[in-house]
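Engineer: In this note's numbering, the protein residues as written are 1 to 117.
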């Protein structure tokens, strides 16, 4: 089960919030999870997306994307802008758009409308 956390936070703060509450930021491992989260967020007032557990190492600009805790990303519905300027983007957000939803990279200190755990 996934939970929407309706609280504006940076990615680091959202991760800390989840850990404090014995949760983790959401891992979207398949199309079923993607559809579930899309439906869950359907009636929420979200403008810039919500944080999910998508991250990569800040040490190397070509680091692979992982889900928090280590699983490699083998399913993802990437937004068309995902691959542009990846150099300074180390975490992922889930965008809720009119026609579809997708994952997009972001900077860790951006503040979003909420998170999904």
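Even for Gly, the Cβ is constructed at its ideal location relative to N, Cα and C. This structure is a prediction, so every number in the text was calculated from the model and none was measured.
Which residue wins for smallest C-alpha separation from residue 111, given the options 4, 31, 50?
Structural biologist: Selected option, being the one with the closest Cα: 50.
Engineer: What residue from 2, 9, 74, 47 has the CA that sits closest to residue 24's CA?
Structural biologist: 2
Engineer: When the Cα of residue 77 is compared with those of 27, 7, 17, which residue comes out closest?
Structural biologist: 27
Engineer: Going by beta-carbon coordinates alone, are residue 116 and residue 94 separated by less than 8 Å?
Structural biologist: Going by C-beta atoms, residue 116 is nearer than 8 Å to residue 94.
Engineer: Leaving aside the five residues before and after residue 72 along the sequence, list all residues of the same chain whose C-beta is less than 7 Å from its C-beta, in chain order.
Structural biologist: 64, 66
Engineer: Whose C-beta lies closer than 7 Å to the C-beta of residue 40 among residues of the same chain, with five residues either side of it excluded?
Structural biologist: 2, 4
Engineer: In terms of residues, what are the limits of the beta strand (DSSP E) holding residue 93?
Structural biologist: In the DSSP assignment, residue 93 falls within the unbroken beta strand (DSSP E) covering 91–96.
Engineer: What are the start and end residues of the beta strand (DSSP E) that includes residue 114?
Structural biologist: 114–116
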